[in-house]
Amino acid sequence: MQRQILLLPDHDDALVFRADSREYGLPSPATLAKWACRPSESPIQLPYTLVGRRVAYRVGDLRRLRDALTFQHSADRAAKRLRRDAKSSEGTVE
Numbered sequence: 001m002q003r004q005i006l007l008l009p010d011h012d013d014a015l016v017f018r019a020d021s022r023e024y025g026l027p028s029p030a031t032l033a034k035w036a037c038r039p040s041e042s043p044i045q046l047p048y049t050l051v052g053r054r055v056a057y058r059v060g061d062l063r064r065l066r067d068a069l070t071f072q073h074s075a076d077r078a079a080k081r082l083r084r085d086a087k088s089s090e091g092t093v094e
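According to our numbering, the sequence shown holds residues 1 to 94 in order.
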C-alpha cells in the first residue's frame with residue numbers, strides 16, 4: 001500500500017505536531033526529537049513549541065528544514081555536511 005504525503009498548510013504560522021511529521025514527508029519524529037536534544041546535529045536551528053505535552057513546529061520552520069534537506073546532486077549534500085561540520089568545530093576549543 002502506497003502512503004500519501006500531505007502538503008504543508010499554506011500559513012507559515014500554522015503548527016504541525018512532531019508525531020505527524022512523516023505524513024508531510026519530513027524526518028521521523030525520533031529524528032526530530034534527537035535534533036531537539038542535539039541541535040548541532042540538525043541541518044538547521046529548528047525551534048519548537050509545546051502544546052500541552054505535545055511538541056509542535058511552525059510550518060515556516062518546517063519548510064526551511066525541507067529546503068535544507070533538498071539536494072540537486074550528491075556533491076551538494078557532502079558540501080552542506082562539510083560546511084555544517086566546519087561551523088560546529090569553530091565553537092570547540094582544542
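Idealized CB from N, CA, C, for every residue including glycine.
Item, Value
"Would you mind reading off the limits of the beta strand (DSSP E) that contains T49?", "T49 to V51"
"Rounding to the nearest angstrom, what Cα-Cα distance links E94 and L8 in this structure?", "A caution first: E94 carries a pLDDT of 47, below 50, which makes its placement in the model too unreliable to give a value."
"Out of curiosity, what's the CA-to-CA distance linking D85 and S40?", "9 Å"
"Tell me which same chain residues have a C-beta within less than 6 Å of the C-beta of Y57, skipping the five on either side of it?", "V16 and Y48"
"Using the Cβ count rule (16 or more neighbours within 10 Å means buried), how would you classify S21?", "buried"
"Pull up the CB-CB distance for L65 and P43, whole angstroms please, since I reckon it's below 8 Å.", "7 Å"
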